[in-house]
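J.:
Numbering (the working numbering), first residue to last: 592 to 835.
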């Protein structure tokens, strides 16, 4: 019988991850993606970036990654159980039977730099981030966040107000100024392939730092539970923000 693509994490481990998400903004499942799976996924990413002329690419949904580790993770009982347990521990409610909203995001070339410091809230409560390729020299495109700056809004309209207030030129200047300051810094997450990083994407303002043009910074995101999925207003106004 083959090994699962994601290990079965103990309840103590999941409680620690959820607690770290509350305390410091993020929690980590360490060394839970195998070297072989990472190597195969790196080759997949490198081919996709090469096909795009060495520039930024983003693949949304399952179809484009179905035959890769990312497709296997999406259907992994162990991975889904871990995310649901984190949701339950953090929200205090039963975890609904919902699929992931997936994004594979590859920063490279000059286009990739345009996606730095685009601070946003996710539309989903839990974000699981799988680093695939992270530059080991120069600017690595590290994840930066202001953790847990809001609660889960009761209505989509209130959530929309939060996003509109954040998604404008004047408001974006403030977190970027703090992020580039030498005296005040947001939470910086230096990610290592092999680990999986969890945070409350809906509640935390976050973005990535720039990545050098000649490097590839590739991450996969698994978003879980949009609390406003049934909103009629959302159906006519929604626009997904940049992923982390």
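Glycine included, each C-beta is placed from N, C-alpha and C at the ideal position.
Quick one: measure Cβ to Cβ for residue 786 and residue 613, integer angstroms, because I've assumed they're closer than 8 Å.
T.: As a first step, residue 786 must be located in the chain shown, where it is residue number 195. As a first step, residue 613 must be located in the chain shown, where it is residue number 22. In fact, because the Cβ distance is near 19 Å, the residues do not count as touching under 8 Å.
J.: To which residues of the same chain is residue 599 closer than 6 Å at the C-beta, ignoring the five residues directly before and after it?
T.: Position 8 of the chain shown, counted from the start, is the residue given in the question as residue 599. Answer for residue 599: 669, listed in chain order.
J.: Out of 741, 736, 732, 763, point me to the one whose CA is closest to residue 850's CA.
T.: This structure cannot speak to residue 850, because the chain is shown only from 592 to 835.
J.: Cβ atoms of residue 645 and residue 699: under 7 Å apart, would you say?
T.: The sequence position of residue 699 within the chain shown is 108, counting from 1. The sequence position of residue 645 within the chain shown is 54, counting from 1. Yes, the pair counts as a contact, with Cβ atoms nearer than the cut-off.
J.: Between 630, 806, 609, which has its C-alpha nearest residue 539's C-alpha?
T.: Only positions 592 to 835 of the chain appear in the structure, and residue 539 is not among them; the question remains open.
J.: Which whole-angstrom value describes the C-beta separation of residue 815 and residue 689, a residue pair presumed to lie in contact below a C-beta threshold of 8 Å?
T.: For the purposes of this step, residue 815 is taken as the residue at position 224 of the chain shown. For the purposes of this step, residue 689 is taken as the residue at position 98 of the chain shown. Residue 815 to residue 689, Cβ: 7 Å. Contact.
J.: Is there at least one non-hydrogen atom of the ligand ADP closer than 6 Å to the beta-carbon of residue 806?
T.: This structure lacks the ligand ADP; in fact it carries no ligand of any kind.
J.: Taking the alpha carbon of residue 820 as the point to measure from, which residue in 748, 780, 807 has its own alpha carbon closest?
T.: Locating residue 820 in the chain shown gives position 229, counting from the first residue. Taking only the C-alpha atoms, the option nearest residue 820 is 748.
J.: Alpha carbon to alpha carbon, how far is residue 684 from residue 603? Give it in angstroms, no decimals.
T.: For the purposes of this step, residue 603 is taken as the residue at position 12 of the chain shown. For the purposes of this step, residue 684 is taken as the residue at position 93 of the chain shown. Whole-angstrom Cα-Cα distance: 18 Å.
J.: Quick check for students: name the residue ranges of the beta strand (DSSP E) that lie wholly in the region 734-773, counting only runs of 3 or more.
T.: Qualifying beta strand (DSSP E) stretches, in chain order: 734-737.
J.: With DSSP as the reference, label residue 806 as helix, strand or coil.
T.: The residue you call residue 806 lines up with position 215 of the chain shown. The answer is coil: DSSP assigns residue 806 none of H, G, I, E or B.
J.: Among 625, 656, 626, which one has its Cα closest to the Cα of residue 638?
T.: Locating residue 638 in the chain shown gives position 47, where the first residue counts as 1. Measuring from the Cα of residue 638, the nearest candidate turns out to be 656.
J.: Is the beta carbon of residue 617 less than 7 Å from the beta carbon of residue 718?
T.: Against the chain shown, residue 617 aligns to sequence position 26. Against the chain shown, residue 718 aligns to sequence position 127. In this structure, residue 718 does not lie closer than 7 Å to residue 617 by Cβ.
J.: DSSP puts residue 617 in a beta bridge; with which residues?
T.: Against the chain shown, residue 617 aligns to sequence position 26. According to DSSP, which records beta bridges pairwise, residue 617 is partnered with 790.
J.: Go ahead and pull the three-state DSSP assignment for residue 604.
T.: Taking the first residue of the chain shown as 1, we reach residue 604 at position 13. If DSSP states are grouped into helix, strand and coil, residue 604 belongs with the helices.
J.: Residue 693 bridges to which residues according to DSSP?
T.: Residue numbering aside, residue 693 sits at position 102 when the chain shown is read from its first letter. In DSSP, residue 693 forms a bridge with 813.
J.: DSSP on residue 640, reduced to helix/strand/coil?
T.: The residue labelled residue 640 in the question sits at position 49 within the chain shown. Here residue 640 sits in helix by DSSP.
J.: Taking 6 Å as the limit between beta carbons, can you name the residues of its chain near residue 676, skipping five residues before and five after?
T.: Against the chain shown, residue 676 aligns to sequence position 85. So the qualifying residues of the chain are 605.
J.: Helix, strand or coil for residue 648 per DSSP?
T.: As a position in the chain shown, residue 648 is number 57, starting the count at 1. Residue 648: strand per DSSP, three-state reduction.
J.: To the nearest whole angstrom, what separates the beta carbons of residue 782 and residue 734, a pair I think is in contact under 8 Å?
T.: Position 191 of the chain shown holds residue 782. Position 143 of the chain shown holds residue 734. The pair is a contact, with the Cβ atoms about 6 Å apart (cut-off 8 Å).
J.: How far does the alpha helix (DSSP H) with residue 668 in it reach, from first residue to last?
T.: On the chain shown, position 77 is the one that residue 668 refers to. Looking at the DSSP string, the run of the alpha helix (DSSP H) that includes residue 668 is 668-682.
J.: Quick check: the Cα distance between residue 817 and residue 825, rounded to an integer number of angstroms?
T.: By 1-based counting over the chain shown, the position of residue 817 is 226. By 1-based counting over the chain shown, the position of residue 825 is 234. So the alpha carbons of these two residues sit roughly 11 Å apart.
J.: List the endpoints of the continuous beta strand (DSSP E) containing residue 702.
T.: On the chain shown, residue 702 is found 111 positions in, with the first residue counted as 1. Per DSSP, residue 702 belongs to no beta strand (DSSP E); it is in the alpha helix (DSSP H), 700-703.
J.: How about residue 595 and residue 704: do their beta carbons lie closer than 7 Å?
T.: Counted from its first residue, the chain shown places residue 595 at position 4. Counted from its first residue, the chain shown places residue 704 at position 113. No.
J.: Going by DSSP, what residue range makes up the alpha helix (DSSP H) through residue 665?
T.: By 1-based counting over the chain shown, the position of residue 665 is 74. From DSSP, the alpha helix (DSSP H) with residue 665 extends over 660-665.
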